[in-house]
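Below: the structure, in structure tokens.
There are 2 protein chains.
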Amino acid sequence: MMRNPPSQYIVARPLYSEDSFKEDNERVQRRHKSLLNHVKEYFSCSSKRAKNAGLSLLPIIGWIRIYRIKEWLLSDIVSGLSTGLVAVLQGLAFALLASVPAGYGLYTAFFPVLTYFFLGTSRHISVGPFPVLSLMVGSVVMRIVPENGTQANITAFEGLSLQDKQVMVAASVTFLVGIFQLALGLLQIGFIVIYMSDTLVSGFTTAAAVHILVSQLKFILGLTVRGENGAFAIIRTLESIFSQITKTNIPDLVTSIIIMVVVFIVKELNDRFKAKLPVPIPIEVIMTVIACGVSYAFDFQTLYGVSVVGKLKEGYESPMAPNLEILQLSVMDAFSMAIVAFAIAFSVAKVYSVKHDYLIDGNQELIAFGVSNIFGASFRSFAACTSLSRSAVQESTGGKTQIAGLLSAMVAMIVTVGIGFLLEPLQTSVLGALVVVNLKGMLMQVREIPYLWKKDKPDCIVWVVTFVASIFLGLDLGLAVGLGIELLTVVFRTQFPRCSVLANIKGTDIYRDRKDYLSIYEPDGVKIFRIPSPIFFANIEFFRDKLNAAVGFNPLRILRKRNKALRKIKKLLKNGELQITPKGLLYTGSAPIEESEDESNMEDLDQPTDFAGLPVQINWNTDLPGNITVPRIDIHSIILDFAAVSFLDMSGINGLKMTLKEFTRVEVDVYIVACDCYILDKLHECGFFDNEIKTSIFFLTLHDAMLCILEKHPDHTEDLKASKNNYHSFKVSQGSGSLRKRESEVPDPETKF
Amino acid sequence: MMRNPPSQYIVARPLYSEDSFKEDNERVQRRHKSLLNHVKEYFSCSSKRAKNAGLSLLPIIGWIRIYRIKEWLLSDIVSGLSTGLVAVLQGLAFALLASVPAGYGLYTAFFPVLTYFFLGTSRHISVGPFPVLSLMVGSVVMRIVPENGTQANITAFEGLSLQDKQVMVAASVTFLVGIFQLALGLLQIGFIVIYMSDTLVSGFTTAAAVHILVSQLKFILGLTVRGENGAFAIIRTLESIFSQITKTNIPDLVTSIIIMVVVFIVKELNDRFKAKLPVPIPIEVIMTVIACGVSYAFDFQTLYGVSVVGKLKEGYESPMAPNLEILQLSVMDAFSMAIVAFAIAFSVAKVYSVKHDYLIDGNQELIAFGVSNIFGASFRSFAACTSLSRSAVQESTGGKTQIAGLLSAMVAMIVTVGIGFLLEPLQTSVLGALVVVNLKGMLMQVREIPYLWKKDKPDCIVWVVTFVASIFLGLDLGLAVGLGIELLTVVFRTQFPRCSVLANIKGTDIYRDRKDYLSIYEPDGVKIFRIPSPIFFANIEFFRDKLNAAVGFNPLRILRKRNKALRKIKKLLKNGELQITPKGLLYTGSAPIEESEDESNMEDLDQPTDFAGLPVQINWNTDLPGNITVPRIDIHSIILDFAAVSFLDMSGINGLKMTLKEFTRVEVDVYIVACDCYILDKLHECGFFDNEIKTSIFFLTLHDAMLCILEKHPDHTEDLKASKNNYHSFKVSQGSGSLRKRESEVPDPETKF
């Protein structure tokens, strides 16, 4: 795309203000739909729409019809079995995060998948427990039924064991998560996840990884640690762990370290030889089997007193209704879990949908997860979403549709109903070690901090604040704080933008910051002020200040001084102390005019200068009679460049109107250029224009306005007009002063054209 | 400012891309200060700076030196006495809002003024109780020491009477308000009040007026109502009032109605005859005196059992330390009170500073109010700010400086220490009636709703949400909700903007929405897409979708199809089933090419098309050999108009980069025009450019890019080139089709120029 030798940019057209442009080019009358029509259309119903809506509620109908049994079924079976093994392991491990007995993790890997199979639009994600979400469930469980502490006063708890209570809390909060997701999906407001920017999610999940790490320490060290919650819980937990570090169960620690080192190394090798290996080595499954065998053979439980998974409940328990009291206690948590779960699942699903080129529907995904969580909760499983690593297994081993997901659920079911006893001797420290070693990716996101700081400071601040708040305030409050900061950065970026004064690049119709270039032309008496952002409540005052600074005076103050001077002049005329001469007013009084502080009618001083009753016009920039003085203004026109003003709110419109009036009243013309049509329409709607502010101040481009101004003030017109056909004569830098004295150098444009 | 007959806009200059412009016009190297330098400068210290800082901390030094005793003192005395009378009345009335005995309102009209006199920068506001703030104090008092209910368990309460407890709570929370204000002032973050937009403040104060009205009902009706707090307290309070409406104390009600009617009418008259009256009739003072007299003469208290102000404590009590337990219970309330108090005071102060042309300093005002509240709280007064009506009295009766304020405080002091007994028989219903009748202005702000709805819907939503939330959730939570919604509207306004496809207005260098005009020119193969807002995390996906919709295809999908086709062609070539003929590739195989689903290396399909090893270049828009098909693309260039893109965050930059790559890989050139210099600098910093995305895609204006494109694709160049010197030939509408066939009509530009 290299540029050829410079071509020419040649334009000759009428000078256009918005008004004259409108005369020459008629605008098509387009009817924009009113809000009411939009709503009507949204709720209108035809048989076709009804059919589509029905189909979109059951996406399985769409993909099962095109299922290629011959090509896909085998892939799906292989993928389903591999994923199933991972799902079982993760289910057991993540159940520890959720503070429920390990067996319920298998429930979570089973029930939600059944409904997602029918309702989900993603064909590749593996539905089931997700560590961050499990931890959030766990924090609610620990708050309501702490292991050593006062439990919440809930009637339904009577006669239940601690484990039953934990399961009840986990299932109830999961039920509420499902309700929230279903409601958001039915109300079609799945779009709110776009507020979870990548930066926010990264900071949040890194903080979650830290929480997970801390929560697994007790399993790895074999300690009994009281569940903490609330702000700064993580500090209290660490304190509690380190205060009993001497009680560490050494066999647990050694097992964990061995597992972690081996799994870590093999995973690195898997990564490095990805291309050469037909399928990654399933090191976690292998290590679990070995650990089970060793633990069983040497009876670690009695020998070293390590804690083991123990007897899993065989088969499934009866369904359970959620407890209303628990729901009331966990509304906030459930809401943030609903959002987090959906945001994670949707972003993973999107990656695969882009890769395999099919469509997913955010709102339908919300409905699917909502129903799945409600269904799962009824059967005592805890909140499900998707795990990144498990979905990667499902996709990379060849999974084509959710049939693979269904098969992985079957594997979990078989373990639950049949071969669960094989896992009984497994140490919980092994599960903890497997969770921790998988945190590497999430924790490494910390490396984004220096990268973001270098590239975009506000984004970096969002990351750090979300991270810190999520660690210390807990995940739900941390997410809220992160969202608040994120919204603030958007406001902040537009709040203190770089305003600049522009000048013409000699010989062109281009205007740039006058501080940046040497070869520029600034006609006397004209200031071009660029507003590089929307104008709204948070920056309108900032702009007014900057504009006053750019022109070098406060128009309101000038107006008041002029009005005061006018009062004096009128008084002097009345007293006969002023004479009207052809050259202007002459002071004939003898005494010096006294400086009286006439503060009556202060408001009148802000009104337009009223020359009524005066026999002559006063030129404020010449000497006034007597010792009356007003500050001189050496500017006759201001151009406001609105190209980057993408919206104006009411505060912005009112502030702009006030500014325009103030300048107009001290006889400075203000022009607005490059204003968006829709903003102009809105100004009309809001009654922006009156007898002081006219539509004729709007021009199409900066150069149009400048040419118009130079025509009105012809004493230094030639320079810009000349630019039209011999730009070469301008190439030599002429210094940055005004070009008024160079008129003779420039050939008369008319003679040449 | 009427336009003269159209002048011409004539420009001839080289065609500029950002690169070539940079070559021709050297940019001045400006050193921007780094963050560190800013911080250093901020904390640097010179003797002059130290002196200025000292002076700015004691603004009194500034104005007392220029005090004109002769001219100002008399005005200040008159104003001080008038304001003092109002301050006494308001003090008594607003104390009822704060749920403390009436006498403490006089404290609040006295102590804070003393310190503000030295520290404040506003010369006209009257410091003292403000109804909304008093009500917020009252809600804390009612929460911690409800009149009939369980009081908070605070050690220091032992042995205190209810009134003492109330005063202790009010003073403690006031102390915390002061601490917050002082801290905000010292940290120089007074600017945060700009987030309190006019709309927000209007909605909030209207809700406060409703709360005040409800809280005064019990005094007007002479009922005993339990103080409610928390969400929906207002509903419970109204329920409680209406359930005992039959117990209304008729004499109280009658007195209130008389007072309200008289005061209302006289105030309307004051307003109407403002110009003719030397000073407004002080009707409130008159009515209070009459009511006092009548109540005393007929001994209403014993006769009708009305509640009266009763014995005021004579003189002042000893200072009191704030209670730490109460501070802990009221952190959130105190913070919102600190913000609200400052926002109100600052906005009133600003009005008068603009009117009388002096400077006020937001941070110094925060410090002044902070110190005043801390000082006041030590002497048992409650939170002070400024009342709009009282400040209006102080200014309109001629107050010039805070000496008037000091005198009004003296009046309050005299009442406290000397003549307080005169107010003993005053009915509290009279005070309630006076408060209610003054709410008119605040309640009438409801009229803004239809006005805002018509003009700016988001602003209207902010008003309504703030109002509703403040009424039902309480003032502190309501304010937080309002602020959140307000920030969301800013994001929302930029989130779903109107993207448009532009076209050239014939015969000009102007580009407008192609749907709006008839006489437009759209060269074949070029799409101009305008992005009318900043690009950031919340709208980058929206833009990518809109852009794909505008060009009519998804570049990634096209790329994949092409890469799949290429694989097939390579395979066919390898098998010898394709022959290279001069006309292209020819399929010589016999069997139809099978549709194989080769899903290995899905990622490779997203890479740039790799023609290596192919003997010929493939033109994707001609027929491919065999039955291989790829969708055709009829676009060769896209221009993105960045004029209104005021910032890009990291998500925006990454998304933009991805979009550019996708289009470049399907051989569509993307040009970006009118991009802000600072954004371009930032893109450089962020490593936006690589071997696929080059700086040469940036052009100065739309027309520059368009001319460049037409030069590269010369088959339909003439139309635009021609525009340079005979725009008249374009005036006649030519229909909206492509102009390719009209080449003969347009004179050759070169011959004429």
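As they're listed, the protein sequences go chains A and B. Quick note on numbering: the first sequence equals residues 1 to 753 in the working numbering. Quick note on numbering: the second sequence equals residues 1001 to 1753 in the working numbering. Backbone N, C-alpha and C define an ideal beta-carbon position, used for all residues, glycine too.
What residue does the beta strand (DSSP E) around residue 68(A) start on, and which one ends it? Taking the first residue of the first sequence as position 1, residue 68(A) is located at position 68. Segment: none, residue 68(A) is in no beta strand (DSSP E) and carries neither H nor E.
Whole angstroms are fine: how far does the CA of residue 85(A) sit from the CA of residue 287(A)? Taking the first residue of the first sequence as 1, we reach residue 287(A) at position 287. Taking the first residue of the first sequence as 1, we reach residue 85(A) at position 85. Each residue's Cα considered, the two are about 13 angstroms apart.
Thinking residue 1181(B) and residue 1382(B) are a contact (beta carbons under 8 angstroms), I'd like their distance in whole angstroms, please. Looking up residue 1181(B) in the second sequence gives position 181. Looking up residue 1382(B) in the second sequence gives position 382. So it is not a contact: roughly 14 angstroms between Cβ atoms.
Specify the secondary structure class of residue 1570(B) as computed by DSSP and reduced to three states. Here residue 1570(B) is taken as the residue at index 570 of the second sequence, counted from 1. Helix, per DSSP.
Looking only at C-alpha atoms, which of 1433(B), 1125(B), 1632(B), 1676(B) sits nearest to residue 1647(B)? The residue labelled residue 1647(B) in the question sits at position 647 within the second sequence. Residue 1647(B) has its Cα closest to that of 1676(B), out of 1433(B), 1125(B), 1632(B), 1676(B).
Does residue 703(A) come within less than 8 angstroms of chain B when only Cβ atoms are used? The count along the first sequence starts at 1 and reaches residue 703(A) at position 703. Judged by the 8 angstroms Cβ criterion, residue 703(A) is in contact with chain B.
Helix, strand or coil at residue 691(A) [DSSP, three-state]: Sequence index remark: in the first sequence, residue 691(A) carries index 691 (1-based). Secondary structure of residue 691(A) (DSSP, three-state): coil.
Using a cut-off of 9 angstroms between C-beta atoms, extract the partners of residue 198(A) located in chain B. As a position in the first sequence, residue 198(A) is number 198, starting the count at 1. Here the neighbours are 1537, 1650, 1651, 1654.
Residues of chain A with CB closer than 7 angstroms to the CB of residue 1243(B), please, in chain order. On the second sequence, position 243 is the one that residue 1243(B) refers to. Neighbours of residue 1243(B) in chain A, taken as residues at a C-beta separation under 7 angstroms, are lacking, since the least C-beta distance is about 27 angstroms.
What residues in its chain sit with their C-beta under 8 angstroms from that of residue 1087(B), if we drop five residues either side in the sequence? Stepping through the second sequence from its first residue, residue 1087(B) is reached at position 87. Excluding the 5 residues flanking it on each side, residue 1087(B) has same chain C-beta neighbours closer than 8 angstroms at 1109, 1126, 1128, 1390, 1408, 1409, 1411, 1412, in chain order.
I want to verify the contact list: residues of chain A whose CB lies under 9 angstroms from the CB of residue 1510(B), in sequence order. On the second sequence, position 510 is the one that residue 1510(B) refers to. Going along chain A in sequence order, the residues near residue 1510(B) (Cβ under 9 angstroms) are 13, 16, 21, 25, 700, 701.
Which runs of the alpha helix (DSSP H) spanning at least 4 residues fall entirely within the region 1150-1205 of chain B, listed in chain order? 1162-1186
What do you get for residue 1684(B), buried or exposed, if any count of 16 or more other CB atoms within 10 angstroms of its CB means buried? Against the second sequence, residue 1684(B) aligns to sequence position 684. The residue is exposed, with fewer than 16 neighbouring Cβ atoms inside 10 Å.
To the nearest angstrom, how far is it from the Cα of residue 627(A) to the Cα of residue 567(A)? Translated into the one-based positions of the first sequence, residue 627(A) becomes position 627. Translated into the one-based positions of the first sequence, residue 567(A) becomes position 567. Between residue 627(A) and residue 567(A), the C-alpha separation is close to 14 angstroms.
Where do the ends of the beta strand (DSSP E) carrying residue 1836(B) lie? Only positions 1001 to 1753 of chain B appear in this structure, which leaves residue 1836(B) out of reach.
Between which two residues does the beta strand (DSSP E) holding residue 1009(B) run? The count along the second sequence starts at 1 and reaches residue 1009(B) at position 9. Note, residue 1009(B): beta strand (DSSP E), 1008-1014.
For residue 1663(B), collect the residues of the same chain with a Cβ closer than 7 angstroms to its Cβ; drop the 5 residues on either side in sequence, then sort them by chain order. Numbered from its first residue, the second sequence carries residue 1663(B) at position 663. Cβ neighbours of residue 1663(B) beyond the five flanking positions: 1555, 1638, 1670.
Under a Cβ-count criterion, where at least 16 other Cβ atoms within 10 Å of its own Cβ denotes burial, should residue 1034(B) be classed as buried or exposed? Walking along the second sequence from the start, residue 1034(B) turns up at place 34. Exposed, by the Cβ-count rule.
Starting from residue 672(A), trace the beta strand (DSSP E) both ways and give me its first and last residue. Residue mapping note: residue 672(A) aligns to position 672 of the first sequence, counting from 1. It spans 669-673 - the beta strand (DSSP E) in which residue 672(A) sits, taken as one unbroken run.
Skipping 5 residues on each side, what residues in its chain have a beta carbon closer than 6 angstroms to that of residue 1142(B)? In the second sequence, counting from the first residue as 1, residue 1142(B) sits at position 142. Closer than 6 angstroms at the Cβ level, and outside the excluded window around residue 1142(B), lie 1099, 1227, 1229.
Coil, strand or helix - residue 1445(B) by DSSP: Walking along the second sequence from the start, residue 1445(B) turns up at place 445. In the structure shown, residue 1445(B) sits in a helix (DSSP, three-state: H, G or I).
Quick check on the DSSP output: what are the complete alpha helix (DSSP H) runs of length 4 or more inside the region 1340-1387 of chain B, in order along the chain? 1362-1378
With DSSP as the reference, identify every bridge partner of residue 1503(B), one or two as the case may be. Residue numbering aside, residue 1503(B) sits at position 503 when the second sequence is read from its first letter. Paired residue(s): 1512(B).
Please confirm if residue 1010(B) has its CB atom under 8 angstroms from at least one CB of chain A. Position 10 of the second sequence, counted from the start, is the residue given in the question as residue 1010(B). Output row for residue 1010(B): interface = yes.
Rounding to the nearest angstrom, what Cα-Cα distance links residue 1610(B) and residue 1604(B) in this structure? The residue you call residue 1610(B) lines up with position 610 of the second sequence. The residue you call residue 1604(B) lines up with position 604 of the second sequence. Approximately 10 angstroms between the Cα atoms of the pair.
For residue 219(A) and residue 113(A), what's the separation of their Cα atoms in angstroms? Here residue 219(A) is taken as the residue at index 219 of the first sequence, counted from 1. Here residue 113(A) is taken as the residue at index 113 of the first sequence, counted from 1. Distance between the alpha carbons of residue 219(A) and residue 113(A): 28 angstroms.
Going residue by residue through the region 249-331 of chain A, where are the continuous alpha helix (DSSP H) segments of at least 4 residues, counting only ones entirely within it? 250-272, 283-298, 300-304, 324-329
Taking the alpha-carbon of residue 1530(B) as reference, which of 1499(B), 1393(B), 1026(B) has the nearest alpha-carbon? In the second sequence, residue 1530(B) corresponds to position 530, counting from 1. Among 1499(B), 1393(B), 1026(B), the Cα nearest to that of residue 1530(B) belongs to 1499(B).
Exposure label - residue 188(A); buried when at least 16 CB within 10 Å: On the first sequence, residue 188(A) is found 188 positions in, with the first residue counted as 1. So residue 188(A) ends up on the exposed side.
Between the alpha carbons of residue 1116(B) and residue 1369(B), how many angstroms are there, rounded? Translated into positions along the second sequence, residue 1116(B) becomes position 116. Translated into positions along the second sequence, residue 1369(B) becomes position 369. Roughly 7 angstroms between the two C-alpha positions.
Which same chain residues end up closer than 7 angstroms to residue 332(A) when comparing Cβ atoms and leaving out the 5 residues on each side of it in sequence? The count along the first sequence starts at 1 and reaches residue 332(A) at position 332. The residues are 476.
Could you tell me whether any non-hydrogen atom of the ligand SAM is closer than 7 angstroms to the CB of residue 1339(B)? Absence of the ligand SAM is noted for the structure shown, with no ligands found whatsoever.
Check the Cβ of residue 1333(B) against every Cβ in chain A and list those closer than 7 angstroms, keeping chain order. Within the second sequence, the letter at position 333 stands for residue 1333(B). Under the 7 angstroms cutoff, chain A gives no residues; its nearest Cβ is about 19 angstroms from residue 1333(B).
For residue 682(A), which option in 1490(B), 1706(B), 1464(B), 1455(B) has the closest C-alpha, if you only look at C-alpha atoms? Mapped onto the first sequence, residue 682(A) falls at position 682. Measuring from the Cα of residue 682(A), the nearest candidate turns out to be 1455(B).
Closer than 8 angstroms is the cut-off here; do at least three beta carbon pairs connect the region 1425-1441 of chain B with the region 1255-1267 of chain B? yes
What are the start and end residues of the beta strand (DSSP E) that includes residue 1530(B)? Position 530 of the second sequence holds residue 1530(B). Bounds of the beta strand (DSSP E) holding residue 1530(B) are 1526-1530.
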